[in-house]
Amino acid sequence: MKIIKFACLIMLAISILSCSSDDNEEVITGSGSITVEFDNAYLDSDLLLNTSSYNASGTEKIKISKVKYIVSNIKLEDEDGHVYVVPKNESYFIVDESNEDSQMIELSDVPAANYTKITYGLGVDQAKYLEGADGQGDFLTKAQEAGMMWSWQAGYKFFVFEGLYTSDDTTTETAFAYHMGSHGTALDNYKEISMTLANTARVRTDMTPIVHIVADLSNTLMGDTEFKLDDAPQIHVDAVKSPQIATNVSGMFMVHHVHN
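Residue 64 in our numbering sits at position 54 of the sequence shown, and the numbers go up by one each step.
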């Protein structure tokens, strides 16, 4: 009889501990917000427009006056592999180095979860482009006002990189401008970028994490393909060089940290 009572006490203790353990587990429900911050840099330095001189290829030195790019189609993947896709019509943004507010993309109504991966597009995808001018809505107007279009027929500028440069062969400051985008439907330079977060982004109803992404602009000229401004200070619509710039630019991003 004593053995039976002792066994019952053990089972009761296990039950209490189990309930206690369950009570301590966080039940994640509801939705919240998350901010994606794009922090532009050049090599190990913060990017400063019009003032700082940066080393480029060979003896070239550059002063950067303008940096803009389109971020689109943001997706977040949580620790269980579930993917939240930001509604497409709400997922087109222009990051402008001269406008601090544009560098903080705030996403609302995000399902509460522990997110471990972010994916986004650089530019405007063909599906959106083929919706025509009527399907672009407010973003078309914003892109036009920001100088991020050649024309509707030619398409969007996905990336704008401008400034002045000098070199041993070009001693007077000379303008450079690299503009990259898809050329209608003939050449698709849209890139999708996926990155694992440095630490988990914990979205809750009362917690808004910030995903801090650093974009190293030196990759534009010194990425997979090296560009010398002395050879080509102006690149706009180019069937060979535009895809190379697109590859370079898509490789300039890294997740620096997540602030919860």
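Built from N, CA and C at the ideal position, the CB exists for glycine as well.
Query	Result
Quick one: residues in its chain with C-beta nearer than 6 Å to the C-beta of Ile-72, no 5 flanking neighbours on either side, listed in chain order?	Tyr-64, Ala-66, Gly-173 and Tyr-175
Could you tell me how far apart the beta carbons of Ile-104 and Met-190 are, in whole angstroms, since I believe they sit closer than 8 Å?	Rounded, the Cβ-Cβ distance is 14 Å, inconsistent with contact.
Give a yes or no on contact between the region 227-241 and the region 256-266, applying the rule of three or more CB pairs nearer than 8 Å.	yes
Going by alpha carbons, who is nearest to Thr-39 out of Thr-230, Ile-223, Thr-215 and Lys-238?	Thr-215
From Lys-85 to Asn-270, what does the alpha carbon distance come to, in whole angstroms?	19 Å
Could you compute how far the alpha carbon of Ala-187 sits from the alpha carbon of Gly-91?	41 Å
Does the Cβ of Gly-194 lie closer than 7 Å to at least one heavy atom of the ligand FMN?	With respect to the ligand FMN, the structure shown offers nothing to examine, as it has no ligands at all.
What's the gap between the Cα of Ser-252 and the Cα of Ser-108?	24 Å
If we ignore side chains and look at the alpha-carbon of each, how far apart do Lys-95 and Arg-212 end up?	First, the amino acid is wrong: residue 95 is Val here, not Lys. Each residue's Cα considered, the two are about 17 Å apart.
Measuring only the C-alpha atoms, how far is His-193 from Val-37?	48 Å
Would you mind sorting Asn-209 into buried or exposed? The rule is 16 or more other CB atoms within 10 Å of its CB.	exposed
Which residues mark the beginning and the end of the beta strand (DSSP E) in which Glu-47 is found?	41-52
Find the nearest neighbour of Leu-117 within the set Asp-56, Ser-62, Lys-98 and Ala-137, judged by alpha-carbon distance.	Lys-98
Quick one: what's Glu-202 bridged to in DSSP?	Gly-131
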